[in-house]
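*Asks:*
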DNA sequence: ATGGAGGGTTGACCCAGGGTCAAGGTCAAG
DNA sequence: CTTGACCTTGACCCTGGGTCAACCCTCCAT
């Protein structure tokens, strides 16, 4: 006959686990000796091995109880179902590994390789690292919002960067981080942006970015709060009849309505 | 700016989870509006997406914190390690699936196919179902104790069953379950057993069964308590100078010492 | 101004599957 | 007789939140 620790050793579980199984009624309480110690026989060993076999397969203890006390067919059905769950778990695991690999390759976290390449291109152009971080965070949000469309969006951004005016715009915005909000060069940025937007309007690009308005508002307010210069720039644009930043639109009062471009 | 439920909706987590992250310090508490509501910016969204990306990979939240606050290399190392763990998890999962398959094919639980075949063979010989259940439980224990050697042991058992004397022995033992402990036929069982053991001794089989003594004792005490007949049989054998059941030995006082056979 | 719906806030308890500690009884050996 | 190893029960702790309760805040319609 066995003490609890011997039983535990035989079956490869902890003493605590055995007592836990007693408490939840999974393993019957055995007889006690005159000093109150539990004394186990082979039946307990067998039951415990069965319990562990199922529990190691990830079956919750409550279900283990049901299975062990069930008949042959019910048991077989249960095992089939458990195996199906294990297969699903294996699929999930493969999936996770893929995501994790992409994550390790990305710009610190959770970005597709294309986006990382785009950020590197900005970096290569001499854009300020602080601005690149803002861009990166924005892309993380976009990736979270519309993961399926991000490839198309980033491809469009790459094309935009082929335009020298766009490059100049990025460099100016990046430099502007340290300007005073009164700096007259801010107007120059607004000039370039207006020209870029007019051109985008003509070409008909960016008709639908797939982002919802609340999301766009959030990005805009983040931009607005990033620096006094940004605030000033947006104010100038608003005076000229534009509205927004992430998704720029002609303000309703202006002549040509609904024109949209973007600075995601 | 976002309320907590908007933040949760953006990042695909529950409101409760967000608050949980605040409590464990994984996500910084944001500013509150004048009525005490939490107000979030894009920074929280980004942080939360990063958290979920790692957490979905099975990283414990405590470790997520460490990773997110770490530098590039440390982060990359961490991800590598996590991937290693995921691979190990996948291995474990395959292993479990194998065990589960064997379990479903086995005699209700956790027995290799060979053992099931052996039990079926006993059944075919007309051995009492109660005895077969005892055998099955014993095999479950053996499978738990020496899983790597069970194939060899069961093969030996199959060979033993080719001996008509062994078959007779099994049938008698099976019948004996209902006898009175005074039944004279019990001596007949002892006779057969003695002969079998002498033969096993000569052939030199079963020199080392790989079971430890405590385990053998447990099996013996189970046998002893199974019925008064078993008790009587063991007493007779003891009178004749044998000891044990699972691993039968010549008692020290007897002429030829150390002979061992078995009735696993 | 008032009532109700639908947000938000905190706090407390609950789950698996035990780990860990505490306070005390028991047992075998020296 | 003491010591150390074992046993007993009970209580609190962990992760990653779910669920419920009680109450506050805001907004909208009346």
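Protein chains in written order, with the working numbering: chain A, 370 to 633; chain B, 370 to 633. Every residue, glycine too, gets a C-beta built ideally from N, C-alpha and C.
1. Give a yes or no on whether 8 Å exceeds the smallest Cβ distance from residue 615 (chain A) to chain B.
2. When you compare the segment 508–524 of chain B with the segment 555–569 of chain B, are there three or more beta-carbon pairs, one atom per stretch, that lie closer than 8 Å?
3. Might you give, ordered along the chain, the residues of its own chain that have their beta carbon closer than 8 Å to the beta carbon of residue 382 (chain B), omitting 5 neighbours on each side?
4. What does the Cβ neighbour count give for residue 514 (chain A), buried or exposed, with the cut at 16 atoms within 10 Å?
5. Just to confirm the assignment: which complete beta strand (DSSP E) runs, minimum length 3, are found wholly within the segment 424–499 of chain A?
6. Can you find a C-beta in chain A that's less than 8 Å from the C-beta of residue 445 (chain B)?
7. Looking only at its own chain, which residues have a Cβ that is under 6 Å from the Cβ of residue 628 (chain A), when we skip the five neighbours before and after it?
8. For the segment 451–462 of chain A, enumerate the residues whose C-beta is nearer than 8 Å to any C-beta of chain B, in chain order.
9. In its own chain, which residues sit with a C-beta less than 7 Å from the C-beta of residue 624 (chain A), not counting the 5 before and 5 after it?
10. Mind listing the chain A neighbours of residue 415 (chain B)? Cutoff is C-beta to C-beta under 8 Å, in chain order.
11. Which two residues bound the contiguous alpha helix (DSSP H) that contains residue 522 (chain A)?
12. On a CA-only basis, which of A:387, A:543, A:599, A:453 is nearest residue 492 (chain A)? Give me that one, please.
13. Please decide whether residue 636 (chain A) counts as near chain B, where near means a Cβ-Cβ distance under 8 Å.
14. Out of A:414, A:464, A:538, A:376, which has the shortest C-alpha to C-alpha gap to residue 427 (chain B)?
15. Pair every Cβ in the segment 549–561 of chain A with every Cβ in the segment 601–620 of chain A, then say whether three or more of these pairs are closer than 8 Å.
16. Less than 8 Å separating the beta-carbons of residue 497 (chain A) and residue 415 (chain B)?
17. Excluding five sequence neighbours on each side, which residues of the same chain lie with their C-beta closer than 8 Å to the C-beta of residue 424 (chain B)?
18. Report the three-state DSSP secondary structure of residue 398 (chain B) (helix, strand or coil).
19. Using a Cβ-Cβ cut-off of 8 Å, state whether residue 425 (chain A) counts as contacting chain B.
20. I want to see whether chain B comes within less than 8 Å of residue 439 (chain A), judged by CB atoms only; does it?
21. Does the beta-carbon of residue 467 (chain B) have 16 or more other beta-carbons within 10 angstroms, so that it is buried, or is it exposed?
22. State yes or no: is the beta carbon of residue 465 (chain A) nearer than 8 Å to at least one beta carbon in chain B?
23. Checking contacts by CB at 8 Å: is residue 472 (chain A) closer than that to chain B?
24. Could you tell me whether any non-hydrogen atom of the ligand FAD is closer than 7 Å to the CB of residue 535 (chain A)?
25. Among the residues of its own chain, which have a CB less than 8 Å from the CB of residue 372 (chain A), if the five just before and after it don't count?
26. Give the residues of chain A in contact with residue 590 (chain B), contact being defined as C-beta atoms less than 9 Å apart.
27. For residue 529 (chain A), count neighbouring C-beta atoms within 10 Å of its own C-beta (all shown protein chains included) and say buried if the count is 16 or more, exposed if not.
28. If the cut-off is 7 Å on Cβ atoms, which residues from the segment 382–401 of chain B count as contacting chain A, listed in chain order?
29. Tell me where the beta strand (DSSP E) around residue 617 (chain A) begins and ends.
30. Compute the beta-carbon to beta-carbon distance between residue 601 (chain A) and residue 550 (chain A), rounded to the nearest angstrom, for a pair I have assumed lies under 8 Å.
*Replies:* Inspection of the coordinates gives the following:
1. By this cut-off, residue 615 (chain A) is not an interface position.
2. No contact exists between the segment 508–524 of chain B and the segment 555–569 of chain B.
3. Correct list, in chain order: 417, 421.
4. Looking at its Cβ environment, which holds 16 or more other Cβ atoms inside 10 Å, residue 514 (chain A) is buried.
5. Whole beta strand (DSSP E) segments, 3+ residues: zero.
6. For residue 445 (chain B), the nearest CB of chain A lies under 8 Å from its own CB, placing it at the interface with that chain.
7. Model confidence at residue 628 (chain A) stands at a pLDDT of 43, short of 50, so the residue's coordinates are unreliable; what they give is reported in the following sentence. Leaving aside the five residues that flank residue 628 (chain A) on each side, the residues in its chain whose CB is nearer than 6 Å to its CB run, in chain order, 570, 619.
8. Listed by position along the chain: 451, 452, 455, 456, 458, 459, 462.
9. Caution applies to residue 624 (chain A), whose pLDDT of 44 falls short of 50 and renders its modelled position unreliable; the value that the coordinates give is listed next. Take residue 624 (chain A), set aside five residues on each side of it, and no residue of its chain has a beta-carbon closer than 7 Å to its own.
10. For the C-beta of residue 415 (chain B), the chain A residues within less than 8 Å are, from N- to C-terminus, 506, 509, 510.
11. It spans 519–529 - the alpha helix (DSSP H) in which residue 522 (chain A) sits, taken as one unbroken run.
12. It is A:543 whose Cα lies nearest to the Cα of residue 492 (chain A).
13. In the structure displayed, chain A extends from 370 to 633; residue 636 (chain A) sits before or after that span and is not available.
14. Nearest neighbour of residue 427 (chain B) by Cα position, chosen from A:414, A:464, A:538, A:376, turns out to be A:464.
15. At 8 Å Cβ cutoff, the stretches touch.
16. Not closer than 8 Å, so no.
17. Its chain contains 430, 433 as the residues whose beta carbon lies nearer than 8 Å to that of residue 424 (chain B), once the 5 sequence neighbours on both sides are disregarded; these appear in chain order.
18. Of the three classes helix, strand and coil, the one that applies to residue 398 (chain B) here is coil, per DSSP.
19. Yes, contact with chain B.
20. No - not a single Cβ of chain B is within 8 Å of the one on residue 439 (chain A).
21. Classification of residue 467 (chain B): exposed, given that the 10 Å Cβ count is below 16.
22. By this cut-off, residue 465 (chain A) is an interface position.
23. For residue 472 (chain A), the answer is yes, since a Cβ of chain B falls inside 8 Å of its Cβ.
24. Annotation note on the ligand FAD: not contained in the displayed structure, which lists no ligands.
25. Counting only Cβ-Cβ distances below 8 Å, and skipping sequence neighbours, we find 406, 407, 408, 409.
26. What residue 590 (chain B) touches in chain A: 370, 410, 411.
27. Buried is the call here.
28. Those residues of the segment 382–401 of chain B that come within reach of chain A (Cβ to Cβ, closer than 7 Å) do not exist; the list is empty.
29. DSSP places residue 617 (chain A) inside the beta strand (DSSP E), whose first and last residues are 616–619.
30. Between residue 601 (chain A) and residue 550 (chain A), the beta carbon gap of about 4 Å places them in contact (Cβ cut-off 8 Å).
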